[in-house]
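Have a look at the structure below, then the notes.
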Amino acid sequence: MVQETGVLPDHEIEALVAEGAIRSDLPLETGQVQPASLDLRLAQDAYRLRASFLPGKDRSVAEMLQEPGVHMHRIDLTDKGAVLETGCVYLVPLQESLRLPAGISARANPKSSTGRIDVFTRLVTNRSKAFDDVPTGYSGPLYLEVSPRTFPIMVRPGDRLAQVRFKRKRPDALKEKVVSIDLEPPEGQPAGYRAKQHSGVVDLRGIGAHEAAQFWEPVFPRHGRIVLNPEDFYILVSRETVKVAAHEAAEMAPIAPELGEFRAHYAGFFDPGFGVNKGGSRAVLEVRSRDVPFILEHGQPVAKLIYEPMAAKPSGLYGGKGSNYQGQGLKLSKHFAL
């Protein structure tokens, strides 16, 4: 049954593609349409920016790029790919573009594997005044701001760093759930991982091809607590399991300021079916302290999940066609082998 409001499921996303509301330079690939989202693919070029920007209500992104001093140079991704360096900001045109009908809006988030390697991404549209949000009826190209924070990354055309979720009207939240941190792992097991500075390049297509010990060091709490260093990036895990039913979709707030001096979770989408497997799945948290060292204790609230209704039940649920993260506990991104 189709609802008047809610997050669009896979079959409605496919209908938008068929109608021309979602367009692409190349046909969509297998697995690109998820139960409640669409993966977005990098196009052939990237622009090294002097600084991040929003075009504002009177300009397109292309017009902004033409202005003196906005971008430093263009990078061709088509040969053997290109390395995007840490501490730099890039803008990459995407293969997908939109011609949304009235009443349909969209919101973007990094994919789970993107957040877990500390790559910060934000969607930019023409005449936008906010990142990641696509207004109802938007017609135009899509761009992705990409900023690797800890590891340089090798990218190529077609790589998927972000995803977009479409909504009909403005669905009200069904519920909220606060999740806390697990800092009491089984004896001898780490509670998390801290990224090593000045490590090697992470090839986004190198699934399981990177030795984890070269990029990460295990974190062992003392007396159920750890100290977050402001310049460090951590992978931790929630104490609670997270379940998202077939009739709902969830998003983790990128930061809940009242919960502490840190950011928990870059990649915030949880699709229908997440965690419904036997034993459930826990939320893996990408954590960075903001300005000062911060003590985290076992059971401390760290993030907030917001659940929204689906406009209809998806044809397939999360994990139904295989997933790197269904049934997860503490887990690094799919690029690393322990």
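Converting from the sequence shown to the numbering used here requires adding 329 to each position, the first position being numbered 1. Where is the CB? At the ideal position from N, CA and C, for every residue including glycine. A quick note: this is a predicted structure, and the numbers were derived from the prediction, not measured.
| message | Using CA atoms only, rank isn't needed, just tell me which of Ala582, Ser434 and Lys525 is closest to Asn558. | response | Checked all of Ala582, Ser434 and Lys525; the closest Cα to Asn558 is Lys525.
| field | Backbone CA spacing between Lys572 and Ser644 [nearest angstrom] | value | When rounded, the distance between both Cα atoms is 18 Å.
| field | Gln424, DSSP secondary structure in three states | value | Assigned with DSSP and collapsed to three states, Gln424 falls in strand.
| said: Quick check: Arg478 and Asp447, are their CB atoms within less than 7 Å of each other? | reply: Cβ atoms of Arg478 and Asp447: closer than 7 Å.
| message | Going residue by residue through the segment 455 to 519, where are the continuous beta strand (DSSP E) segments of at least 3 residues, counting only ones entirely within it? | response | With a minimum length of 3 residues, the continuous beta strand (DSSP E) runs that stay inside the segment 455 to 519 are 468 to 477, 482 to 484, 489 to 497 and 504 to 509.
| query | Do the segment 511 to 522 and the segment 479 to 489 meet, that is, are 3 or more Cβ pairs less than 8 Å apart? | reply | The segment 511 to 522 is not in contact with the segment 479 to 489.
| Are Leu378 and His402 close, meaning C-beta to C-beta below 7 Å? | It is not a contact, given that the beta carbons lie outside the stated cut-off.
| request: Answer yes if the segment 614 to 621 comes into contact with the segment 561 to 576, meaning at least three C-beta pairs across the two stretches below 8 Å, and no otherwise. | output: Enough Cβ pairs lie closer than 8 Å, so yes.
| request: Following the continuous alpha helix (DSSP H) through Ala347, name the residue where it begins and the one where it ends. | output: Counting along the chain, the alpha helix (DSSP H) containing Ala347 begins and ends at Asp339 to Glu348.
| message | Less than 7 Å between C-beta atoms, sequence neighbours within five positions excluded: which residues of the same chain meet that for Thr454? | response | For Thr454, where only same-chain residues beyond five positions count, the Cβ hits under 7 Å are Val463, Tyr467, Gly469 and Leu471.
| message | Please identify the residue among Arg497, Pro397 and Leu357 whose C-alpha is closest to the C-alpha of Gly432. | response | Nearest of Arg497, Pro397 and Leu357 to Gly432, Cα basis: Arg497.
| For Arg623, which of Lys506, Val531, Lys642 and Arg554 has the nearest alpha-carbon? | It is Phe, not Arg, that sits at residue 623 in the sequence shown. When Lys506, Val531, Lys642 and Arg554 are compared, the shortest CA-CA separation from Phe623 is found for Arg554.
| How big is the Cα-Cα spacing for Gly521 and Gly608? | Between Gly521 and Gly608, the alpha-carbon positions lie close to 20 Å from each other.
| Can the beta-carbon of Glu505 be found closer than 7 Å to that of Ile404? | Between Glu505 and Ile404, the CB-CB gap reaches or exceeds 7 Å.
| In chain order, which continuous runs of the beta strand (DSSP E) of length 3 or greater are located wholly inside the segment 359 to 385? | Segments of the beta strand (DSSP E) lying fully in the segment 359 to 385: 366 to 370 and 374 to 378.
| Which residues does DSSP pair with Arg388 in a beta bridge? | According to DSSP, Arg388 shares a beta bridge with no other residue.
| request: Could you say if the segment 366 to 378 and the segment 423 to 432 meet the contact criterion of at least three C-beta pairs nearer than 8 Å? | output: Yes, the segment 366 to 378 touches the segment 423 to 432.
| said: Assuming Ser442 is part of the alpha helix (DSSP H), what are its boundary residues? | reply: Looking at the DSSP string, the run of the alpha helix (DSSP H) that includes Ser442 is Ser441 to Gly444.
| query | How would you label Val475, buried or exposed, when you count the other beta carbons within 10 angstroms and need 16 or more for buried? | reply | With a threshold of 16 other beta carbon atoms within 10 Å, Val475 meets it and is buried.
| said: Using a 10 Å radius around the Cβ and a threshold of 16 neighbouring Cβ atoms, would you call Ala556 buried or exposed? | reply: Correcting the residue identity first, residue 556 is Val in this sequence and not Ala. That one is exposed.
| query | At what residues does the beta strand (DSSP E) containing Leu614 begin and finish? | reply | Per DSSP, Leu614 is one residue of the beta strand (DSSP E) stretching across Ser610 to Ser618.
| query | How close, in whole Å, do the beta carbons of Arg445 and Leu661 come, if the pair is a contact with beta carbons under 8 Å? | reply | The beta-carbon distance between Arg445 and Leu661, rounded to whole angstroms, is 6 Å. This is short enough to meet the 8 Å contact definition.
| request: Pick helix, strand or coil for Ala542, following the three-state DSSP scheme. | output: The answer is helix: DSSP assigns Ala542 an H, G or I state.
| message | Looking at the secondary structure, which residues open and close the beta strand (DSSP E) in which Ser644 lies? | response | Per DSSP, Ser644 is not a residue of any beta strand (DSSP E), being assigned neither H nor E.
| query | Is Leu394 helix, strand or coil by DSSP? | reply | In this structure, DSSP gives Leu394 a helical state, which the three-state scheme calls helix.
| query | Quick one: what does DSSP say Thr570 is sitting in, helix, strand or coil? | reply | DSSP places Thr570 in strand when its eight states are reduced to three.
| query | Run through DSSP, which three-state label would Asp447 get? | reply | In this structure, Asp447 counts as coil in the three-state DSSP scheme.
| request: Taking 7 Å as the cut-off, decide whether the C-beta atoms of Gly515 and Glu577 are in contact. | output: For the record, residue 515 in the displayed sequence is Pro; it is not Gly. It is not a contact, given that the beta carbons lie outside the stated cut-off.
| query | Does DSSP put Arg534 in a helix, in a strand, or in coil? | reply | Coil.
| Looking only at its own chain, which residues have a Cβ that is under 7 Å from the Cβ of Gly602, when we skip the five neighbours before and after it? | The residues are Pro364, Val573, Ala575, Leu646, Tyr647, Gly648 and Gly649.
| task | Ignore the nearest five residues each way along the sequence and tell me which others in Trp545's own chain have a CB closer than 8 Å to its CB. | result | Same-chain partners within the cutoff: Tyr522, Arg523, Ala524, Lys525, Ile564, Leu661 and Phe665.
| Proximity below 7 Å, CB of Leu452 to CB of Ala437 | In terms of Cβ geometry, Leu452 and Ala437 form a close pair [threshold 7 Å].
| query | Who are the Cβ neighbours of Leu429 in its own chain at under 6 Å, not counting the five residues just before and after it? | reply | Taken in chain order, the residues that qualify are Ala350, Gly466 and Tyr467.
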